[in-house]
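Numbers given in this note's numbering equal positions in the sequence shown, counted from 1, plus 5.
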Amino acid sequence: MTASFDVKNLTLDEKASLTSGGDLWHLQAIPAKGIPGWMITDGPHGLRKAVRSDTATDQSIPSTCFPPAAGLSSSWDPDLIEAVGRAMAEECIQEQVGVILGPGVNIKRNPLGGRSFEFWSEDPLLAGVQANSLVEGIQSQGVGTSLKHFAANNQESDRLRVSARVSERAMREIYLPAFEYVIKHANPWTVMCSYNKVNGVYSAQNHRLLTEILRDEWGYGGVVMSEWGACHDRVASLAAGLNLEMPPSHSDDQIVSAVREGRLDESTLDARAQELLDLAAKAAPAMSREGYRYDPKDHQNVARAAARESMVLLANRNGVLSLSDGDDFAVVGEFARTPRYQGGGSSHITPTEMSSFLDALGKRGIEAEFAPGFTLDDADQDEALTNEALEVASRHDVTIVFVGLPESTESEGYDRKTMDIPAKQIKLLHGLAAVGSHLVVILSNGSSVVTSTWQKDADAIIEGWLLGQAGGDATADVVFGDCSPSGKLAQSIPVRLEDDPSYVNFPGGEGTVDYGEGVFVGYRYYDTVGREVSFPFGFGLSYTTFRIDGLRVEAQGPCGADVEVTVTNTGSCSGAETVQLYVAPKGPSPVARPSHELRAFEKVALQPGESRKVSFDLDSRAFAYWSEARHDWHVEAGDYGIEVGSSSRDISCREVVSIEGDGNTLELNDFSTYAEWMADPVGAPILTRAQEGSDSERVQGMLRNPKVLSFIQDFPLTMLEAFGGSDVAAVCSAALAEYHRAREARRS
Ligand code: BGC
6 MTASFDVKNL
16 TLDEKASLTS
26 GGDLWHLQAI
36 PAKGIPGWMI
46 TDGPHGLRKA
56 VRSDTATDQS
66 IPSTCFPPAA
76 GLSSSWDPDL
86 IEAVGRAMAE
96 ECIQEQVGVI
106 LGPGVNIKRN
116 PLGGRSFEFW
126 SEDPLLAGVQ
136 ANSLVEGIQS
146 QGVGTSLKHF
156 AANNQESDRL
166 RVSARVSERA
176 MREIYLPAFE
186 YVIKHANPWT
196 VMCSYNKVNG
206 VYSAQNHRLL
216 TEILRDEWGY
226 GGVVMSEWGA
236 CHDRVASLAA
246 GLNLEMPPSH
256 SDDQIVSAVR
266 EGRLDESTLD
276 ARAQELLDLA
286 AKAAPAMSRE
296 GYRYDPKDHQ
306 NVARAAARES
316 MVLLANRNGV
326 LSLSDGDDFA
336 VVGEFARTPR
346 YQGGGSSHIT
356 PTEMSSFLDA
366 LGKRGIEAEF
376 APGFTLDDAD
386 QDEALTNEAL
396 EVASRHDVTI
406 VFVGLPESTE
416 SEGYDRKTMD
426 IPAKQIKLLH
436 GLAAVGSHLV
446 VILSNGSSVV
456 TSTWQKDADA
466 IIEGWLLGQA
476 GGDATADVVF
486 GDCSPSGKLA
496 QSIPVRLEDD
506 PSYVNFPGGE
516 GTVDYGEGVF
526 VGYRYYDTVG
536 REVSFPFGFG
546 LSYTTFRIDG
556 LRVEAQGPCG
566 ADVEVTVTNT
576 GSCSGAETVQ
586 LYVAPKGPSP
596 VARPSHELRA
606 FEKVALQPGE
616 SRKVSFDLDS
626 RAFAYWSEAR
636 HDWHVEAGDY
646 GIEVGSSSRD
656 ISCREVVSIE
666 GDGNTLELND
676 FSTYAEWMAD
686 PVGAPILTRA
696 QEGSDSERVQ
706 GMLRNPKVLS
716 FIQDFPLTML
726 EAFGGSDVAA
736 VCSAALAEYH
746 RAREARRS
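What follows is the structure, encoded as structure tokens:
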């Protein structure tokens with residue numbers, strides 16, 4: 006079925022009806038005009054289709070549970086993520102779902118964020134590129150996505166109302182770029198606004214966000230839907246750029262009367278309704294494939310491949326991993342039997358199958374002694390469980406211990422209270438270390454946990470995040486060396502929660518949260534101030550080793566550069582390295598900038614001894630900062646370090662490139678300081694000439710006196726008069742007049 010629908014064929018009531026859902030999980034249909042009301046439902050790491058579409062229940066039909074973004078984001082593998090997207094879309098087609106609600110590209114601002122497991126990274130480029138692949142994968146099959154939650158939804162505390170107070174620069178450099186990247190590259194069919202306010206205005210009625218930035222600046226032409234229940238004023242929302250209220254509040258008459266009374270332009274309603282019609286038409290071909298069946302086994306394989314790449318090897322002392330079939334080991338920890346594989350809330354889905362690590366051992370024909378070690382509830386530690394675990398461990402050379410966050414500790418709806426794993430698990434780890442067998446720790450958690458209190462106990466640590474339904478098999482694949490781990494951290498692991506830059510401003514209070522750390526989120530802060538971390542952003546080991554060298558950098562045009570580097574597998578097994586490129590402004594800069602920022606990356610799979618050249622084209626955004634004075638991106642002329650390595654703290658090679666800059670200087674005026682004048686390519690020679698041309702002893706005296714010169718650097722030109730007298734004032738006004746003439750001449 007191909008379709009196109011025209012808003013001109015609809016009555017005012019029909020148009021208004023389209024701007025609200027048909028029910029909790031459907032678009033509004035208009036059967037009389039042949040307009041379908043497709044199902045739209047969660048997302049984002051698999052399909053959550055409610056058994057009954059009139060409830061928000063957890064009762065959903067089985068679907069493949071792929072690793073949530075917490076895991077998948079550590080893969081740094083856009084191709085793999087695209088394959089996950091394609092598989093998710095196939096399940097949507099079978100289940101007649103036109104739009105799947107995700108991915109969520111909100112930045113992991115603070116480790117306690119209750120929904121971090123659904124989001125990708127502390128870094129906007131990494132979040133944007135990876136989410137983009139998911140969108141491309143899904144949409145390539147004719148199913149839509151909903152990029153959410155636009156914008157600044159970075160906590161669960163007071164999430165329905167809180168006002169995120171964010172500077173324009175932090176918005177542009179940290180909280181918007183992942184959205185911008187996906188909008189510009191993959192054109193998601195829909196966007197979902199956030200519940201919260203941004204700088205005092207609800208996202209659902211935020212004209213600046215929904216129209217000026219999203220539509221006018223980024224050129225978005227799709228549908229913006231509300232968060233579930235976030236539409237508080239339908240007319241204001243429509244006027245701000247929102248298309249669709251979800252779920253419906255059955256208040257279409259508000260729209261109709263607003264149009265009739267001239268409070269809402271009918272052309273605005275027409276534009277928003279047409280976008281909804283276009284959405285209905287776009288989904289039609291895939292939704293007409295009735296009887297289509299996906300292959301669950303195939304999707305299980307995709308989920309397993311994704312889970313393998315989601316794990317991050319944080320430590321591997323003396324190469325304790327991988328294990329061989331004949332190795333003597335015990336398994337401890339309830340998570341080995343009852344895996345934690347996804348987070349709670351609207352993304353919680355019913356898997357088609359489940360494998361625990363113990364199941365995976367069984368499938369491999371491996372028998373291992375197991376002790377649960379602890380329970381997953383809040384109960385105090387049962388000493389009998391501890392003793393049993395210690396005894397079991399004492400009988401074997403290696404103990405694989407599964408620890409992490411029980412399901413109740415992290416979910417949509419609330420933030421975590423602590424970054425620690427439960428105390429009883431930490432105590433058990435200390436006890437196991439004292440037993441003396443080699444300890445391999447496997448973590449299950451949706452957001453980072455403190456490792457500094459116990460990491461010395463471990464010989465090896467695998468950060469397993471949440472791995473979806475194939476996590477048990479995939480963990481065995483990595484533990485037994487069927488593949489080398491290749492994940493890299495998408496978020497830093499600080500030594501203590503208190504080290505986090507947003508610590509004092511999270512989660513705010515009295516209805517407001519201050520993003521006081523500005524652009525210094527995650528490694529942008531840790532690396533700038535040299536704060537010790539347990540594991541840095543981008544970090545992850547492999548069973549093999551790599552060398553990154555041969556860096557070549559060449560400036561391209563005024564604001565870009567071409568970069569080439571070589572990566573070699575120097576070890577003895579196959580593996581994949583993610584080459585990470587950071588740009589480090591050398592300053593001085595008019596604004597405080599992070600010491601370096603991730604600007605490109607590529608994951609490269611290599612056989613032992615194999616080398617590959619990797620090239621990156623850096624455009625102006627790689628060097629730019631958001632200038633609040635210009636309300637625009639700005640590339641300063643100057644030197645920039647190009648750093649290439651395997652994490653934000655493991656830089657293998659660096660070069661400096663001189664960038665000409667965009668030449669966008671701020672217009673000078675009489676309130677520009679002396680220093681600003683002397684830094685301006687047009688203003689400096691004019692002021693210098695005016696000073697040197699003055700026959701005033703006073704002026705010449707000032708110029709000869711270094712102390713005075715230092716003192717006046719921060720003086721607005723016009724205020725020099727008060728200190729320097731009329732001779733100085735004459736010089737300043739002559740400079741100003743000539744400067745204006747020069748600007749005029751340039752303009753005409
Ligand atoms: C969540 C969204 C979700 C929606 C529909 C909201 O509460 O925040 O992420 O897509 O519900 O389930």
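Think of the CB as a built atom: it goes at the ideal place given N, C-alpha and C, for glycine as much as any other residue.
Computed from a prediction, not measured in an experiment: that's the story for all the values here.
Check	Outcome
Going straight from the alpha carbon of residue 6 to that of residue 40, what length do you get?	In this prediction, residue 6 has a pLDDT of 44, which is less than 50 and means its spatial position is unreliable; nothing more can be read from the coordinates.
By the three-class DSSP mapping on this structure, what secondary structure does residue 449 have?	strand
Counting pairs of beta carbons, one from the region 330-341 and one from the region 375-395, are three or more of them closer than 8 Å?	yes
Is residue 480 buried or exposed, if buried means 16 or more other CB atoms sit within 10 Å of its CB?	buried
Three or more C-beta pairs under 8 Å: does that hold for the region 628-647 against the region 668-685?	yes
Relative to the ligand BGC, is the shortest distance from any of its heavy atoms to the C-beta of residue 202 smaller than 7 Å?	no
Measuring from each Cβ to the nearest heavy atom of the ligand BGC, keep the ones under 5 Å and list them in chain order.	47, 106, 233, 351
Taking only three categories from DSSP, how would you classify residue 235?	coil
Which complete alpha helix (DSSP H) runs does the region 464-533 hold, if anything under 4 residues is left out?	476-484
Can you list, in chain order, the residues of its chain with a C-beta nearer than 6 Å to that of residue 48? Leave out the 5 residues immediately preceding and following it.	105, 106, 107
If you measure between the beta carbons of residue 465 and residue 321, is that distance less than 8 Å?	yes
Nearest to residue 661 by alpha carbon, out of 679, 586, 615?	586
Name the residue from 654, 552, 470 whose alpha carbon lies nearest to the alpha carbon of residue 345.	470
Determine the DSSP secondary structure at residue 419, reduced to helix, strand or coil.	strand
Below 8 Å on the Cβ atoms is my guess for residue 328 versus residue 403; work out the distance and round it to an integer in Å.	7 Å
So, for residue 443: in the same chain, excluding its five sequence neighbours on each side, which residues have a beta-carbon less than 6 Å away from its beta-carbon?	325, 403, 464
Does the region 186-203 come close enough to the region 550-561 that 3 or more CB-CB pairs lie under 8 Å?	no
To the nearest angstrom, report how far apart residue 117 and residue 422 are at their CA atoms.	7 Å
Restricting to Cα atoms, I'd like to know which of 264, 155, 31 is closest to residue 209.	155
Spell out the partners DSSP gives residue 31 in its beta bridges.	28, 44
Please say whether residue 431 and residue 447 have beta carbons closer to each other than 8 Å?	no
For residue 574, does the three-state DSSP call read helix, strand or coil?	strand
In whole angstroms, give me the CA-to-CA distance for residue 144 and residue 289.	13 Å
Out of 348, 429, 253, 219, which one is the CA nearest neighbour of residue 42?	253
Look at residue 650 and residue 657 and say whether their C-beta atoms are less than 8 Å apart.	yes
On the three-pair Cβ rule with 8 Å, is the region 377-385 touching the region 497-515?	no
Using 8 Å as the threshold, is the C-beta distance between residue 581 and residue 618 below it?	no
Under a three-way DSSP split, which group does residue 171 fall into?	coil
For residue 153, which of helix, strand or coil comes out of DSSP?	strand
Sorted by chain position, which residues of the same chain lie with C-beta nearer than 7 Å to residue 240's C-beta, five sequence neighbours on each side aside?	259, 260, 263, 268, 269
With DSSP as the reference, identify every bridge partner of residue 230, one or two as the case may be.	197, 249
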